[in-house]
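Residue numbers (UniProt numbering): 1 to 209.
Don't be surprised by glycine CBs; every beta carbon is placed ideally from N, CA and C.
In this text the structure is predicted, and so the values were computed from the model without any measurement.
In what follows, a structure is listed as structure tokens, so that the remarks can point back to it.
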């Protein structure tokens, strides 16, 4: 298999996978659009059907809602940060149309697993094929070392500051949630984790003799 065939097959694979995750992203955004305006109603409904004492109900609901809002904010902060950082390395490497690529990086960073790689890696491969080894090295170094890792750092910092969930548990819940639920796992994974941790605290304080 020559390099052209390999490159073409890789692009086909990335494109097919991207369509799958773009569909999940669309569903995620639709759920988010309808969820945020209904948070107060959801809270009132959950409180009305819960068999627990009011202070326990408030603990569960307030932590869950705080986590949801923090997650939504974090998703878009990370997207912006990855787009700007990725665009900066493309600019350093001398890639033209930097504003267009930066905007594309911001949007593609919302795609789980693939993210900005769908834009950056083909550019790096093209630079290698053109013999621009320094440019390709700058792009790959920035992408693999900084851009792909900044999401974990920001997610742990932002969410941990606004919730009671430890950064390590948050990372585990995000990875596990995405692997089980797809893109929706960004919400479901941490919510399940915060409910589990809260249940342990409630048991320890109110139930355990």
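Is it buried or exposed for residue i, if we count other Cβ within 10 angstroms and need 16 for buried?
i, result
"residue 51", "exposed"
"residue 190", "buried"
"residue 100", "exposed"
"residue 31", "exposed"
"residue 27", "exposed"
"residue 159", "buried"
Quick one: what's got a C-beta closer than 6 angstroms to residue i's C-beta in the same chain, skipping five residues either side?
i, result
"residue 210", "Absent from the structure is residue 210, since the part of the chain shown begins at 1 and ends at 209."
"residue 56", "202"
"residue 63", "194 and 198"
"residue 181", "188"
"residue 176", "189"
When the Cα of residue i is compared with those of the options, which residue comes out closest?
i, options, result
"residue 73", "108, 154 and 195", "154"
"residue 142", "47, 79, 92 and 132", "92"
"residue 102", "47, 54, 140 and 79", "79"
"residue 210", "95, 200, 69 and 41", "Beyond the ends of the chain as shown, which are 1 and 209, falls residue 210; an answer cannot be given."
"residue 81", "67, 107 and 68", "107"
"residue 169", "71, 77 and 197", "197"
"residue 178", "114, 59 and 37", "114"
"residue 200", "176, 140, 117 and 59", "59"
"residue 165", "37, 193 and 176", "193"
"residue 144", "132, 167 and 117", "117"
Among residues of its own chain, excluding the 5 on either side of residue i, which ones have a beta-carbon nearer than 7 angstroms to its beta-carbon?
i, result
"residue 104", "119"
"residue 65", "39 and 43"
"residue 41", "none"
"residue 140", "124"
"residue 49", "none"
In chain order, what residues of the same chain have a beta carbon less than 8 angstroms from the beta carbon of residue i, not counting five sequence neighbours either side?
i, result
"residue 61", "43, 46 and 47"
"residue 85", "142, 146, 147 and 150"
"residue 138", "89, 92 and 93"
"residue 68", "35, 39, 187 and 191"
"residue 54", "47"
"residue 77", "154 and 158"
Our contact map puts residue i next to residue j with C-beta atoms below 8 angstroms; I'd like the distance itself, whole angstroms only.
i, j, result
"residue 186", "residue 174", "7 angstroms"
"residue 211", "residue 75", "In the structure as shown, the chain begins at 1 and stops at 209. Residue 211 is therefore absent and cannot be evaluated."
"residue 87", "residue 98", "6 angstroms"
Unbroken alpha helix (DSSP H) runs of length 4 or more, entirely within the stretch 55-121: which are they? For secondary structure counted as the alpha helix (DSSP H) over 4 or more consecutive residues, the stretch 55-121 holds these complete runs in sequence order: 98-108.
Where in the stretch 172-199 do unbroken runs of the beta strand (DSSP E), each at least 3 residues long, occur, reported from the N-terminal end onward? The qualifying runs do not exist here; there are none.
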